[in-house]
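Please read the structure below before turning to the comments.
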Amino acid sequence: MSAPPLLVIDRLRVRYETRDVLRALSLEVARGELVALMGPSGVGKTTALRAVAALQRFDEGQIVVDGFVLAPGPLPPESRLGVLRRRVGLVFQAHALFEHLTAQSNVTLALRHVLGKPRVEADTIATRLLSELDVGTRAGAWPRQLSGGEAQRVAIARALALDPALLLMDEPTAALDPARRSALGATLRRLCEQGRGLLVATHDAEFARAHADRLVNLT
Amino acid sequence: MIAALALCLVTAQQPAPRVLVWGGDAEGGAPFVEADPRDPSRVRGFDVEVAERIARGLGGDRRAQFLQVQWSNIDQSVERGDFALGLSGVEDTPARRARHAVTLPYFEFREVLAVRPADAGRIHGLADLRGRRVATLGSTIAYDLLMQARDSTGVLPISYDDDVHPYGDLVTGRVDAVLLDHIIAQRALRRRGGIGFVILLDQPVAIGHYVGVLAQANAVLRDSIDAVLREAMRDGSLKQIFRRWNVWDDTQRTFFERVLRTSETATGAATATSGQALAYVPSLARAAVVTLLVSILSMALAVVVGLTLASGRVYGSAVVRVATTIYIEIIRGTPLLLQLFVIYYGLAGVVRLPAFLAAVLALGLNYAAYEAEIYRGALEAVPRIQLEAARTLGLSELQILRLVRGPQALRYALAPMTNDFVALLKDSALVSVITVVELTKETAIYATNIGSWVVPGALCAVVYLAMSLPLARLARRLERRWQTP
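Chains X and D, in that order, give the protein sequences. Anchor point for the first sequence: position 185 equals 185 in my numbering, and the numbering is continuous, going up by one each time. Anchor point for the second sequence: position 336 equals 336 in my numbering, and the numbering is continuous, going up by one each time.
What follows is the structure, given as structure tokens:
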């Protein structure tokens, strides 16, 4: 018997006022699998990721993340989302790094204040994550000092700090040159090999075909 | 064009209208100068009639024309040429004589203490008021007497901007005595129906005189006015004026005889001369400390209340948002001066706040409204996507505020906060209306007593700058330190 999927999105519908942004989206992501959510701009890719990360309410359907069920209607209070938060990491298209913290502190923030790890342990984990993502030398830099590619890798490290089983990425290749896109692809494959599931929203068909296990097209 | 210019010149060369423009403060009220209840566009009072008598005496069908001026600014205005003669219970002091042309004295008054009836048997003079609060009008001989008594006998002088509230505060117990001119004390007692306090008329603290004041360059007119005043003393017209206003008594008779006999230029009770200007420096230093204390405590209150209000507006329920908005709009939409009066005098029936506390409360609660808007703006300026990123990391709302939103908002708020503190430092001058003598008030007293604003004004400006510039510097340094590259 095969393991249950890490993420199940079942007939997801999201409405903005009178307009359907998403209508009956269904997909699954297994552990170790990289699924690319494809489609042109404005088709609802980001909305789908935000719904999975419980940042966006939805009107119909269901989302199950590693056994945690999100139902239609208003978002649950944060106090009831603790389990989901540890299972799902989200890398925003604009990275959304905390401007007042260094790269290192961006990564240690959740380790210290959510997981309650001591400073030394949090620093060790952050240093390892940043090194694995090839930005170990930029640990002391402020977000504004980072290039687009560096900021993205710091954002990935931050999202991985809680060791989530599912990583969501929104348009990760938007600001990358071809060499960086290829390196990013290799990084994502490595994350899959660690047993994580990845759902990547992208309109970059070439990147998706080269690195994803499966493509889901939104139209 | 040329014709119009010629017409102007002809008009300008016509003889000046036969009026004696004199300045006084109708806010001082009867019996000096007050708006006539039957026709508020006119004034009445013994000073009004003295001015009219002087105008008549100067001849040529001259008439007196009144110009309203704040009492404490009479000297400066007359020197500027706003009017020819200042009359409004103007006291005779050596400093005034040194800087302006001063007429001979036309009325003798006694500086008298007013105390509550229960204290009348125990208090006979300033020496009996050690450690007690004694009120008076700022920038007067009485104020100088109290300042001297503070050093010699330890009374606590409380300065007011008007001569009505000191007696009200005496009755309610905010102060223990009032030292002012006997006719002011008698008027206050009449207004209260003769109850509430008693006047120690028989034990005057000092004797003073009212004079007219003219610009220093106007000594010729002053001499003419002196002649008119002597004539008015001789022919009884001055006595009739004082009788009409119920301020005539035997002391005036003796005083008139003395003036006519000696043509003296009487001097009032001892007060500061320009040579003693240095004596004000410790007072200015004390007042600067008051300004700084009021400002720092008010700002601390404003920050705490402002943060609470801003949190209410950003995170609160609809009811809380409406309530905080109403508070902010009411406070921002009404004058700080009004709020000071309401907290100090308006609430006196419910809670009798000490002046210093009332000042800190009024300033703090006022500035809280402005701080709240700064903090709200700063909180909302932190990009929403960062808050969402923090949420996906599992941080609670409180942690997000403390670790992500707050620190960034503080940077946005720092510059406007510094700006507000500098503004508050200067707005703290307003608290003098509720008897807190701070830097500006002390400067005004100093300037009035030495008859010039040049040195006191410069000193005051230097002290304000000495307080505000380091603050701006500190803020810039903090901004630089917090600024991420």
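Just so you know, even glycine gets a beta-carbon here, dropped at the ideal spot from N, CA and C.
Please indicate yes or no: does the CB of residue i lie closer than 6 angstroms to some heavy atom of the ligand GDP?
i              : result
I195 (chain D) : This structure lacks the ligand GDP, and indeed carries no ligand of any kind.
Rounded to a whole number of angstroms, what is the C-alpha to C-alpha distance between residue i and residue j?
i              : j              : result
A358 (chain D) : L340 (chain D) : 7 angstroms
A96 (chain X)  : L410 (chain D) : 19 angstroms
S274 (chain D) : S428 (chain D) : Note that S274 (chain D) scores a pLDDT of 46, beneath 50, so its modelled location is shaky; the value from the coordinates is reported in the next line. Using only the alpha carbons, I get a separation of about 28 angstroms.
V65 (chain X)  : L293 (chain D) : 58 angstroms
A110 (chain X) : G73 (chain X)  : 28 angstroms
L478 (chain D) : V350 (chain D) : 43 angstroms
R42 (chain D)  : Q70 (chain D)  : 17 angstroms
V289 (chain D) : S295 (chain D) : 10 angstroms
L9 (chain D)   : E79 (chain D)  : Reliability fails at L9 (chain D), whose pLDDT of 41 lies under 50, so the model's placement of it is uncertain and the value that follows must be treated cautiously. In a straight line, the C-alpha of L9 (chain D) is about 27 angstroms away from that of E79 (chain D).
A36 (chain X)  : L162 (chain X) : 23 angstroms
E397 (chain D) : R391 (chain D) : 8 angstroms
A475 (chain D) : M417 (chain D) : 9 angstroms
A126 (chain X) : R190 (chain X) : 18 angstroms
A165 (chain X) : L425 (chain D) : 56 angstroms
Is there a Cβ from chain D that is less than 7 angstroms from the Cβ of residue i?
i              : result
F68 (chain X)  : no
V114 (chain X) : yes
L90 (chain X)  : yes
F207 (chain X) : no
R85 (chain X)  : yes
A96 (chain X)  : yes
L55 (chain X)  : yes
H100 (chain X) : yes
A110 (chain X) : yes
Which residue from the options puts its Cα closest to that of residue i?
i              : options                           : result
G457 (chain D) : D:A348, D:S77 and D:E442          : D:E442
Q203 (chain D) : D:R187, D:G121 and D:G194         : D:G121
V205 (chain D) : D:D420, D:D169, D:V220 and D:A127 : D:A127
M467 (chain D) : D:A285, D:L201 and D:D25          : D:A285
R63 (chain D)  : D:R96, D:W22, D:P31 and D:N73     : D:W22
F197 (chain D) : D:T140, D:Q216, D:G138 and D:L113 : D:L113
G197 (chain X) : X:E28, X:L22 and X:E17            : X:E28
R96 (chain D)  : D:A389, D:G306, D:W248 and D:A215 : D:A215
I328 (chain D) : D:A372, D:G346 and D:S311         : D:A372
V360 (chain D) : D:Q386, D:V305, D:L393 and D:Q408 : D:V305
A423 (chain D) : D:V134, D:Q65, D:Y280 and D:S298  : D:S298
R11 (chain X)  : X:A51, X:G39 and X:L34            : X:A51
R31 (chain X)  : X:L199, X:E206 and X:H211         : X:L199
N218 (chain D) : D:A101, D:I400, D:L170 and D:I331 : D:A101
Establish whether the CB of residue i and some CB of chain X are separated by less than 7 angstroms.
i              : result
G377 (chain D) : no
V404 (chain D) : yes
E479 (chain D) : no
Q408 (chain D) : yes
E388 (chain D) : yes
L471 (chain D) : no
I385 (chain D) : yes
L393 (chain D) : yes
Q399 (chain D) : yes
Kindly list the residues whose CB is nearer than 6 angstroms to the CB of residue i, restricted to its own chain and excluding five residues on each side of it in sequence; keep chain order.
i              : result
L301 (chain D) : G364
L49 (chain X)  : L168, D170 and A201
E121 (chain X) : none
A12 (chain D)  : Confidence in A12 (chain D) is poor, its pLDDT being 41 and thus under 50, which makes the residue's placement too unreliable to answer from.
R23 (chain X)  : R13
A188 (chain D) : Y167
A310 (chain D) : A372, Y375 and R376
Once the 5 residues before and after residue i are set aside, which same chain residues still bring their CB inside 8 angstroms of it?
i              : result
Q252 (chain D) : F107, E108, K239 and F242
V314 (chain D) : R376, L379 and E380
Q68 (chain D)  : G23, G24, D25 and A26
Apart from the five residues on each side of it in sequence, which residues of its chain come closer than 7 angstroms, Cβ to Cβ, to residue i?
i              : result
S432 (chain D) : D161, E438, T440 and K441
K117 (chain X) : L111
A348 (chain D) : T172
A71 (chain X)  : Q62
F58 (chain X)  : L12, R13, V14, A51 and P72
L221 (chain D) : A84 and L214
Counting only Cβ pairs nearer than 7 angstroms, list the residues of chain A close to residue i.
i              : result
S396 (chain D) : The displayed structure is made up of protein chains X and D, and chain A is not among them.
> In chain order, which beta strand (DSSP E) runs of at least 3 residues are fully inside the region 160-187 of chain D?
Replying inline: Secondary structure in the region 160-187 of chain D: the beta strand (DSSP E) runs of 3 residues or longer, each lying completely within the stretch, are 177-181 in chain order.
> What are the complete alpha helix (DSSP H) segments, minimum 4 residues, inside the region 29-101 of chain X?
Replying inline: 45-52 and 82-87
> Which runs of the alpha helix (DSSP H), 4 residues or longer, sit entirely within the region 190-274 of chain D?
Replying inline: 219-234, 237-244 and 250-262
>> What ranges does the beta strand (DSSP E) occupy inside the region 134-213 of chain X, keeping only unbroken runs of at least 3 residues that lie completely in it?
In response: 166-170 and 197-202
> What are the uninterrupted segments assigned as alpha helix (DSSP H) that are 4 or more residues long and contained completely in the region 335-377 of chain D, given in chain order?
Replying inline: Counting whole runs of 4 or more residues, the region 335-377 of chain D contains the alpha helix (DSSP H) stretches 336-344.
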